[in-house]
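Under this note's numbering, the first residue of the sequence shown carries the number 999, and numbering increases by one thereafter.
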Amino acid sequence: MKKLIIGCLSAAVIIGCGSTKNESQVALVDLQPNVVSDKFQPSNWQLAWHDEFDYVGESGGKELDKRWDAHHGPSHHILSSRWRENVEVNDGALYLVNRKEKRAGQDWTSGSIRTKEQFSYGYYEARYKYAASNGTNNSFWLMSYPLGTQPPKGKLFEIDINEGHYPNEVNTNIHNWSDITVNEQGKNTHPSDSRTSTYGAKHKYNYPLEIPVTTTKVRFSSNNFRPFHIRDFNVFGSDPSATGTSNLSQSQDLKLTGSKLNNLANLLDNNIGSSWVAQAEGEKWFELEWEKPKTISEIEFINGWLYKGKSWSGLITDFKVQYETQEGWRDIATLDVKKSINFAEQYHTYGLEWNEDELIFYFDGEEIRREKNDIAHSLTPIWLSLAIIKWDGPVTDKIDGTSMKVDYVRYFKAKP
């Protein structure tokens, strides 16, 4: 049995708290979420319901079925149907499993469950690992139920405590499913507010060089799994034939080439409202080449897009910035967050404090978002879902056999 430790509190954000399982303890020093203003205070809460998934033997599945209902059928809004057979309990954890198999007219299968019991205001927390592939949606969420009916109080709502995307993206979403309207394109739409945090990635990078380098070429490259925006790219330094420091990205003798030529000039227009958007497939790259050698002292660039003025989305998770020498390309800066911050290899906790006035989202005990609660005032089950989706990078055979691994789910009520 796991030792029940309430809350995960650490300024360094410690992975693996809340369990005595043999998981490595890893400290993430520079996660840089978009908003951090408070911590979850476990002393204010009392445990009211939980599932540690410590079921043993063949009876484990039956015990799970006493507390949870499984989706058993097609899911045409995603790429996978979802079935009870894709829900497994082993070694004290719940596994929602992806399989490449044709069923109910879809090419993939996944798993999704919801609690038989329904809950209201309180603090919700789950600890889990992502499925180890792009194209997957790893969700811990609340949605008023039965679906399609108007609740007695508030709106029909969905609160995604986390729709996680491999390797390290956290998405919190608030949906109002009561006030559906038809847009100008004739499609149904509803009030929705989403935020994204890509841990280990930033929207702005700045690299001063301790020892300036002289070159005629600077190269940016990335194997990011999906297209991305570069909003501005600046190279600062000096021309040996001139005096002073300047923005070499504006030099008259500069030639710019890239893997996608469309809007390439937006890289150098000093306007973050425009961008170069990389292509979907293959290596994404561009090169700055000067006729005469330049001495490089600093490089900076901005990537992603600003969502509703509150959070940066679509951030790059790997790149190289290099300069050319006679021996070949030399690195100035590199990033590959999958090597160090990989939520498929590391457990993390995702939490929500839900009260009459506010919705407060947490990552490993640290607050990452706070919103006014205008809609969520009715009972809801707790949902755990894995899906295969087309909006998170390529869907490939790498998905087959991957799983969302859930250590526990806990619900707390405020102490009187």
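Note that beta-carbon positions come from the ideal geometry of N, C-alpha and C, so glycine has one too.
Membership of residue 1057 in the alpha helix (DSSP H) is indicated by the continuous run 1057-1065. Cα atoms of residue 1039 and residue 1117: separation of roughly 20 Å, rounded to the nearest angstrom. For residue 1326, the enclosing beta strand (DSSP E) covers residues 1326-1334. With fewer than 16 other Cβ atoms inside 10 Å of its own Cβ, residue 1190 counts as exposed. For residue 1043, the enclosing beta strand (DSSP E) stretches over residues 1043-1049. Less than 7 Å separates the beta-carbon of residue 1154 from that of residue 1175. Its chain contains 1156 and 1190 as the residues whose beta carbon lies nearer than 6 Å to that of residue 1173, once the 5 sequence neighbours on both sides are disregarded; these appear in chain order.
In the DSSP annotation of this structure, residue 1175 is not part of any beta strand (DSSP E), being labelled neither H nor E. Out of 1259, 1043, 1382 and 1238, the CA that lies nearest to the CA of residue 1214 is found in 1238. Secondary structure of residue 1124 (DSSP, three-state): strand.
Around the CB of residue 1355, fewer than 16 other CB atoms lie within 10 Å, so the residue is classed as exposed.
When C-beta atoms of the segment 1049-1058 are compared with those of the segment 1076-1094, three or more pairs fall below 8 Å, so the two segments count as touching. Counting along the chain, residue 1394 sits inside no beta strand (DSSP E), nor does DSSP assign it H or E at all. With at least 16 other beta carbons inside 10 angstroms of its own, residue 1132 counts as buried. Here residue 1212 is exposed. Its C-beta has fewer than 16 other C-beta atoms within 10 Å. Boundaries of the beta strand (DSSP E) harbouring residue 1101: 1097-1101, taken from the DSSP string. Annotated as proximal: residue 1383 and residue 1110, with beta-carbon spacing under 7 Å. Counting C-beta pairs closer than 8 Å gives fewer than three between the segment 1313-1329 and the segment 1250-1265, which falls short of the contact rule. For residue 1082, no pairing in a beta bridge is given by DSSP. Taking a contact as a CB-CB distance under 8 Å, the pair residue 1341 and residue 1165 counts as one, their CB atoms being some 6 Å apart. When secondary structure is reduced to three states using DSSP, residue 1320 falls in the strand class. Here the alpha carbon of residue 1139 sits roughly 17 Å from the alpha carbon of residue 1195. The DSSP-derived three-state label of residue 1249 is coil.
Less than 7 Å divides the Cβ of residue 1229 from the Cβ of residue 1270. In the same chain as residue 1334, and ignoring 5 residues on each side of it, the C-beta atoms closer than 6 Å to its own belong to 1316, in chain order.
The three-state reading of DSSP puts residue 1306 in coil, since its state is none of H, G, I, E or B. When beta bridges are read from the DSSP output, residue 1191 appears opposite 1172. The closest CA to that of residue 1369, considering only 1276, 1222, 1344 and 1192, is found on 1192. Note on geometry: alpha-carbon atoms of residue 1163 and residue 1245 lie some 37 Å from one another. Annotation: residue 1081 to residue 1068 spans about 7 Å, alpha carbon to alpha carbon.
When only Cα atoms are considered, residue 1410 and residue 1281 end up about 47 Å apart. Excluding five sequence positions before and after residue 1399, the CB atoms of its chain that fall closer than 8 Å to its own CB belong to 1095, 1096 and 1097, given in chain order.
If you check the CB distance, residue 1100 and residue 1363 do not come in under 7 Å. Annotated three-state conformation of residue 1340 is coil, per DSSP. By the 16-neighbour rule on beta-carbons within 10 angstroms, residue 1092 is buried. Counting along the chain, residue 1292 sits inside the beta strand (DSSP E) bounded by residues 1282-1301.
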